[in-house]
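What follows is a single structure, written as structure tokens, with notes after it.
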Amino acid sequence: MSELSFDVIQLCYEIFLPAVYAFIQHVVARNRGTIIAWGRRIQKTLHVPRSICVFLEEGPGMYDDTIDDYFPIICILFFIDLLSSLAIPLGVDFRNPIIIGLVIINPCCVGFAVWLGLLRAKWRLME
């Protein structure tokens, strides 16, 4: 990789990640009740089985540390999806294995890992 690539990665690491954490602290943590209510409503609308629901129907629904741990990952996944949707008009060939891995497989695997982590947090809350 060239020196410019490392500079871009470092810039993203030093600016984007702290911005995501600041967003989580100022917007998401303040509206925790609303986010949990939306999550419960979506679960109910989709008829998700109780065993795989992320939000509890009673009580707090989710710990604050769970929100702090997993919402930055969710925001980064959203950012990756946004970038991939912007790449479509640019004529990017999505049959390229690297593009398939970065745009489709990686967000799906990380999203599944986040979902499993949220389920573990729910089970911890139920104990």
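The numbers in the UniProt record's numbering rise by one with no breaks, and the one at position 75 of the sequence shown is 75. In this text, a Cβ means the ideal position worked out from N, Cα and C, and glycines have one as well. All values derive from a computational prediction rather than experimental measurement.
Take the alpha-carbon of Ile-42 and the one of Asn-96: they are about 34 Å apart. DSSP places His-47 outside both helix and strand once states are collapsed to three, so it counts as coil. Lys-44 counts as exposed, since fewer than 16 other C-beta atoms from the protein chains shown sit within 10 angstroms of its C-beta.
In the structure shown, Cys-108 falls within a helical segment according to DSSP collapsed to helix, strand and coil. Nearest to Leu-116 by alpha-carbon distance, out of Ile-99, Ala-37 and Ser-51, is Ser-51. With a cutoff of 8 Å on beta-carbon distance, Phe-55 and Ile-76 are scored as not near each other. DSSP places Ala-29 outside any alpha helix (DSSP H), giving it a letter other than H or E.
In the structure shown, the three-state DSSP call for Leu-56 is coil.
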